[in-house]
Structure formats: C-alpha cells, structure tokens
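So the structure is just underneath, and the comments pick up after that.
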Amino acid sequence: CVAAERTVAEGLDRSKFNVEIVHLGEHKSRVAEAERAGVKSVPALVIGGQAFHINHGADLSVLKA
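At position 59 of the sequence shown the residue is numbered 59 (my numbering), and the sequence of numbers has no breaks.
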C-alpha cells in the first residue's frame, strides 16, 4: 500500500504539483484536514483538491481512535 502511494507521489512533476507526504498515524492532528479533503481511507493522495484512494489500508476512523 505505502509503496504504491510513494511510487505515484514521487512520480508527480514537482514543478506542477506541491507534494507533501503525511503519515496520518504519526500526525493525527491532520486527520480532520484529510477528511475535509475527501480522504476516507489510507493510503490516499489529494491532487487538485480531489482525493484518490490508492489501495484500502485503513479507514480514517481507525486513525482517530
């Protein structure tokens, strides 16, 4: 799961996209921000304001616990 996310994120043209990789398990204070961006599970990418779910690893509800 994480390998797929990293492969896609690292393949993005950084001159066109601002890439920030956030591990929500380590940065739980950003879970609400991820929810507002449309993230429902991890790993996921948010590109141009739209959430793209790479592979279902864990629901965000698990990270809030």
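All C-beta atoms in this analysis are idealised placements derived from N, C-alpha and C, irrespective of residue type, glycine included.
Predicted model, so just to flag it, every value in this text is computed and none were measured.
Who are residue i's beta bridge partners in DSSP?
i	result
Ala51	Val46
Ser120	Within the shown structure, residues of the chain are numbered from 1 to 65, placing residue 120 beyond reach of any answer.
Ser41	Asp59
Measuring straight from C-alpha to C-alpha, what distance separates residue i and residue j?
i	j	result
Val19	Pro43	14 Å
Glu5	His27	17 Å
Ala37	Phe52	10 Å
Asp59	Gly49	19 Å
Val39	His56	11 Å
Asp13	Gly25	26 Å
Ala9	Val2	10 Å
Kindly indicate which residue of the options has the alpha-carbon position closest to the one of residue i.
i	options	result
Val62	Val31, Gly38, Ile47 and Arg14	Val31
Ile66	Lys28, Ala34 and Ala3	Beyond the ends of the chain as shown, which are 1 and 65, falls residue 66; an answer cannot be given.
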